[in-house]
Amino acid sequence: AAIDDLLRRRWLPEITRLIKEKHGWDYYYYGNAGGRGGGSGWRTFDHRPRFNNNYVGLRNRVAILSEAYAYASFEDRVLGSLWFVEEVLDYAEQNAAEIREIVEVADLQSVVGRELATRADFSRSETEVTILMGEVDEVRHPYTGEIMLLRRDVSIPTQMYEYGTFFPSETETAPEGYYVLPEGEAAIERLEAHGITVLRHAIEGDHLVQRFQIDSTRTSPNSFQGHNERTVWGEWVSTTETLPVGTAYVSVDQPLGRLAFTLLEPRSDDGFVSWAILDEEIEGGTLPILRESPGTR
């Protein structure tokens, strides 16, 4: 919340004001003015951490996207990007100590026991916002000769609702930790690649855990980056399991606990299950991810 407040209440409004003051250009949050479900609005991109800005946020860090208007001239896109990035970096330099403190505090805040989103949807603004719409001309590309669109020097204030933030459409309580069985090695390797602390069990032992009992599953018929995304439905059931040597324990009470939760929760819309990394195990009848039962530590 503190990182969001820094960005939306101070950092971005301040650089927007400075660029308008210095160069006379208007800047606004990334979005597209398109209809969805029958209504027009200013919509940002997908909430899932497969998009870099969202991923960086899950790591308790600040991410700022620089995106130029597609139909502006090449020169204007370069200038617009240059001015924006310069102001972003100037603000970071001038407020470095405070920014560092904000992310350090975020690292120390545990998410254990909190309701976190496993799925989300667009949140509509309470009131309409003013979006400066433009017009374009069809011109020929100077090198290819193909028809392209070029922005006119026109600005049309248009009222519409903004869909720039998200609300949880489904949540789950973050546990104290997860166990990943040795057959889930593909998941363990990826957790370590993300920099998440993973502890390997050196001895076999019985543990009170929760196992996700899958009652149905579905895979997307369309491939995305070489994967057919999987969705599972079911519930966590308490049980006692004998965890073999090599089982990985992932504490959620760590700086990257929110990211660990997102990757390991079976219902997460951008976790290991969704990315079909554990398909072989799921199709074999078991999910090699267990949750630590509440109050066992």
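Numbering (our numbering), first residue to last: 34 to 330. By construction, the Cβ of each residue, glycine as well, lies at the ideal position given by its N, Cα and C atoms. Fair warning: this is a prediction, and the values are worked out from it, not measured in the lab.
Check, Outcome
"Quick check on the DSSP output: the beta strand (DSSP E) that includes residue 243 runs from which residue to which?", "238-252"
"For residue 184, which beta-bridge partners are listed by DSSP?", "169"
"On a CA-only basis, which of 243, 287, 231, 200 is nearest residue 320? Give me that one, please.", "243"
"On the CB-based measure, 16 or more other CB atoms within 10 Å of its CB, does residue 175 come out buried or exposed?", "exposed"
"Just checking, does the region 269-278 make contact with the region 50-70 on the three C-beta pairs under 8 Å criterion?", "no"
"Please classify residue 266: does DSSP put it in a helix, a strand, or coil?", "strand"
"Just to check my reading of the structure: residue 81 and residue 67 have Cβ atoms closer than 8 Å, yes? What is that Cβ distance to the nearest angstrom?", "Their Cβ separation, rounded to whole angstroms, is 19 Å, which puts residue 81 and residue 67 out of contact at 8 Å."
"If you check the beta carbons only, do residue 61 and residue 182 fall under 7 Å apart?", "no"
"How is residue 176 classed by DSSP in three states: helix, strand or coil?", "coil"
"How far does the alpha helix (DSSP H) with residue 118 in it extend, from its first residue to its last?", "107-127"
"Which residues in the same chain as residue 65 place their Cβ atom closer than 7 Å to its Cβ, once the five residues preceding and following it in sequence are excluded?", "76"
"Here's a check: name, in chain order, each residue in its chain whose Cβ is nearer than 8 Å to the Cβ of residue 280, leaving out the five neighbours to either side.", "212, 213, 214, 215, 233, 234"
"Helix, strand or coil: which one does DSSP assign to residue 295?", "helix"
"Are the beta-carbon atoms belonging to residue 266 and residue 245 less than 7 Å from one another?", "no"
"Taking the continuous beta strand (DSSP E) assigned at residue 149, which residues delimit it?", "148-156"
"Out of 317, 109, 95, 287, which has the shortest C-alpha to C-alpha gap to residue 186?", "109"
"Of the residues 89, 151, 128, which one's Cα is nearest the Cα of residue 44?", "128"
"Suppose you measure from the CA of residue 38 to the CA of residue 121; what does that come to, to the nearest Å?", "16 Å"
"Which of helix, strand or coil does DSSP assign to residue 231?", "coil"
"Tell me the residue span of the alpha helix (DSSP H) that contains residue 224.", "218-226"
"Alpha carbon to alpha carbon, how far is residue 188 from residue 164? Give it in angstroms, no decimals.", "9 Å"
"Contact defined as beta carbons within less than 8 Å: I believe residue 220 pairs with residue 290. What is the distance between those atoms, to the nearest angstrom?", "In fact, because the Cβ distance is near 16 Å, the residues do not count as touching under 8 Å."
"Do residue 308 and residue 240 have their C-beta atoms within less than 7 Å of each other?", "no"
"With distances taken Cα to Cα, identify the nearest neighbour of residue 329 among 284, 322, 318.", "284"
"On a CA-only basis, which of 254, 300, 209 is nearest residue 248? Give me that one, please.", "300"
"According to DSSP, is residue 308 part of a helix, a strand, or is it coil?", "coil"
"Quick check: the Cα distance between residue 89 and residue 224, rounded to an integer number of angstroms?", "15 Å"
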